[in-house]
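Residue numbers (the numbering used here): 949 to 1609.
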C-alpha cells in the first residue's frame, strides 16, 4: 500500500500539469454535455414514434401542427431527417399556444448539425398547463439542401391537426412532448453520478498509478459494461430475446433438467419493447429491481426451433442459473446473466492483452468500443465470439514474436477456443490458419508444429468440409446421378423465380456473373455503413444511431493508435494474410446471407449488419502498424483519455435517446 501511495505521489509530481489539463477538459466536457442534453435527461415523453414518410422543409414549405399536451410539459422533440446528405441553411422551430399565440420557444437550428433520423429537442421557456399548442417548422433552405421531418399515419396525439402550406394533411408529425418524472429523474441522476465517478476514477488511476494495460483495460471493460448493462434496456440488443431463451435452455441443463420450459416469471417482458430502448424499462428498473420474485410455477415453452449451437451461451447461463436458484426476480436474474457474460468477456480481454507482445493499447481500446461493449454486456453470443477473436490473435502474435516454447496451458486455451468458435461462427475460424506463421522452434520441431496446427484447426476443417460437402459436392454429385435425391433436399433443385423466392446454391453455381455483380454492388453501397456500424454507429437493433462526429472520431482514434511504436512489427506476408483471410471471412458472411436471407427480387444482399465484421477489426487496424511511422508510447494516456471522453458522450446520448423514446 505504501508503495502505491509513493508511486502516486511521484506520478502526481511528474504529471501535475497533465493531470490538471485532463481534469479541466473532463469537467468542461461533462458540464457542456449535460447542458446540451438537459432538456431530455430524466424526462418522460409522450406522442408519436412511428416513421412512415417524410416531407422536406425548404424555403417554400411551412409545416404546422396543433396537439394537446399534458400538464407539466417543458420540452418538445421533433424527428428530423437529413436524407443522408450535407444540408445548408437554418431551420426554425416555433412552439406557441394554439389559443393566444403566446410563444414558448423560438429556435433557429443550423441544419448541417442535425442528427439524421433522430429527435431534436427544444426546451420551452416555462412549464405548460394542460393545453393545445402549435408547433411550426420553416426554413430558409433551398430544395435539395433542406432537412425534412417524419410523418406518421397512426397518431397517438389528441387533437392533432397537421397542415403543410396551410393545407390539411391526414397524417401527423413524428413528434413527442416531454415532462418531468421523479422516477426517471432518479434513474438518470443515479446513472450519471455512477458514470462520472467511475470514468473519473479511470483516468486518475491511469495518470497516478500507471497500471499494467491488462489490469487497466479489464477494469475499463467492466466499468463500461456495467453501465451499458443498464442503459441498454432488456431485449433491445439485436435478437436478445432468442439468445435469452437459449440461455434459459442451457440453464435448465445446469439445473439437471432436460425441460424446454421455464417459469413464466422469468420471461415477463412488461415494459420491455423488443429492439427499442424504452423509458418504461428504466421506470421498471427503479420500481422492481430489488422486488420479490413472485414465482408462480406456471411453465411456458421456450424450445429452440432452430436447435442452435449453445456452448456460447454458457457464460450467460451461469448468471441466469444463479438467479433462478436464489429465486431472484426477473430483472435481477436477467441482469445477473448479462453480468456473467460480461465477466467472461473481460477475462478473455485480460488474457488477450496480457499475452500479446504488441498492440496492447489498440486491442484494449477496440474491446471498449460501443458495439463490443453492447454485445458483451448482453445475452448475445457476439460477445463470446468477440472474446475468442481477441484470444486467437493475441496468442498468435505471442507465439510468432516471443522466443519461448508454446506451453501446454496456452495450447489448451487456443485449441479449446478454436474448437468452440468454429461451430459457432465458421467464418471466423479461418483465422486459426494464421498459426502456420508460428516458427517451428516454438513447438520443438516441424512435426510437432504440424501436429499442433492440425489439432487447433480440427473443428474448423470439419466445419468447412461439412459446408463444402453438403452445399457444393452433393450438388455436383447429384448432377452426375451419384447420390439419391433425398440427400439433396438441402439445396434447391430448380431455378428461383422473381416472386420473393430466396437465392439458392443452385442459382449461385449457375449464375456466377450475376452473383458477382450482386456482391460488388452490395459492397460498394454498404461498406462505409458496415465499417461505422462495426464500431457502434447503429446501436440496439439499428434504430439507435450515434451522432456522426462521435462515430467518425472513434475509428480515427483507433487508426492513430495503430501507429503506436511497438517492440515488433508484423511481416508483409503476415499482414497480407490478415487482409486475405479478413476478405475471405467477409465474403463468406455475404455468401451466407445471400443464400440464407436474401430474396431474388432484391437488388443487394440483405440482412448484413456491421457487427458481423467487428471480429475482423483487430486484424484490420493491426496492418497499419509499421516501423517508419510510429507514435511514441508516452502518448498512450492521451489516446485512452480521448476514448474515455468519447464513451462518456456515447453513454449520455444513449440515455437522452431512451428518455425521448
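Cβ atoms here follow ideal geometry from the backbone N, Cα and C, with glycine treated the same way.
Using the beta-carbon count (16 or more within 10 Å), is residue i buried or exposed?
i: residue 1023; result: buried
i: residue 1191; result: buried
i: residue 1544; result: exposed
i: residue 1427; result: In this predicted model, residue 1427 has a pLDDT of only 49, less than 50, meaning its place in the structure is not dependable enough to derive any value.
i: residue 1605; result: buried
i: residue 1458; result: exposed
i: residue 1546; result: buried
i: residue 1379; result: buried
i: residue 1263; result: buried
i: residue 1473; result: exposed
i: residue 1251; result: exposed
i: residue 1048; result: exposed
i: residue 1239; result: exposed
i: residue 1129; result: buried
i: residue 1281; result: buried
i: residue 1108; result: buried
Quick one, which of the options has its alpha-carbon nearest residue i's?
i: residue 1064; options: 1085, 1485, 1084; result: 1485
i: residue 958; options: 1158, 1101, 970; result: 1158
i: residue 1053; options: 1084, 1077, 1080; result: 1084
i: residue 1018; options: 1125, 1556, 1409, 1331; result: 1125
i: residue 1156; options: 1375, 1175, 1602, 956; result: 956
i: residue 1041; options: 986, 1025, 1080, 1049; result: 1025
i: residue 1563; options: 1119, 1507, 1334; result: 1334
i: residue 1175; options: 979, 1467, 1318; result: 1318
i: residue 1609; options: 999, 1037, 1201; result: 999
i: residue 1127; options: 1077, 1113, 1154, 984; result: 1077
i: residue 1402; options: 1523, 1359, 1372; result: 1359
i: residue 1583; options: 1510, 1531, 960, 1323; result: 1510
i: residue 1188; options: 1331, 1247, 1070, 1356; result: 1331
i: residue 1292; options: 1321, 1476, 1276, 1197; result: 1321
i: residue 1603; options: 1179, 1165, 1028, 1121; result: 1179
Quick check on DSSP: helix, strand or coil for residue i?
i: residue 1005; result: coil
i: residue 1039; result: strand
i: residue 1531; result: helix
i: residue 1108; result: coil
i: residue 1633; result: This structure gives no information on residue 1633, because the portion of the chain shown stretches from 949 to 1609.
i: residue 1552; result: coil
i: residue 1100; result: strand
i: residue 1493; result: strand
i: residue 1123; result: strand
i: residue 1186; result: coil
i: residue 1343; result: helix
i: residue 1237; result: coil
i: residue 979; result: helix
i: residue 964; result: helix
i: residue 1327; result: coil
i: residue 1116; result: strand
i: residue 1230; result: helix
i: residue 1011; result: strand
i: residue 955; result: helix
i: residue 1558; result: helix
i: residue 1319; result: helix
i: residue 992; result: strand
i: residue 1472; result: helix
i: residue 1512; result: strand
Can you round the beta-carbon distance between residue i and residue j to whole angstroms, since I take them to be within the 8 Å contact cut?
i: residue 991; j: residue 1607; result: 5 Å
i: residue 1011; j: residue 1095; result: Not quite, the Cβ-Cβ distance comes to about 12 Å (not below 8 Å), so this is no contact.
i: residue 1325; j: residue 1297; result: About 13 Å; that fails the 8 Å criterion.
i: residue 1014; j: residue 1046; result: 5 Å
i: residue 1207; j: residue 1375; result: Incorrect: roughly 33 Å between the Cβ atoms, too far for contact.
i: residue 970; j: residue 1596; result: Not a contact, Cβ separation roughly 13 Å.
i: residue 1390; j: residue 1353; result: 6 Å
i: residue 1338; j: residue 1300; result: 4 Å
i: residue 1039; j: residue 1057; result: 5 Å
i: residue 1150; j: residue 1592; result: 6 Å
Check whether chain D comes within 8 Å of residue i, counting only Cβ atoms and requiring the distance to be less than that.
i: residue 1317; result: Of the protein chains in this structure there is only one, and it is not chain D.
Quiz item: Which runs of the beta strand (DSSP E), 3 residues or longer, sit entirely within the stretch 1240 to 1315?
Solution: 1247 to 1249
Exercise. Would you list, in sequence order, the uninterrupted alpha helix (DSSP H) runs of no fewer than 4 residues that lie entirely inside the stretch 1128 to 1184?
Key: Runs of the alpha helix (DSSP H) lying entirely within the stretch 1128 to 1184 and spanning at least 4 residues, in chain order: 1130 to 1157, 1161 to 1179.
Quiz prompt | Contiguous beta strand (DSSP E) assignments of at least 3 residues, all confined to the stretch 1014 to 1093 | solution = If we require 3 residues or more, the beta strand (DSSP E) runs fully inside the stretch 1014 to 1093 come out as 1021 to 1029, 1038 to 1045, 1051 to 1058, 1066 to 1076, 1079 to 1087.
Quiz item: Can you list the beta strand (DSSP E) stretches of 3 or more residues lying completely in the stretch 1353 to 1394, in chain order?
Solution: none
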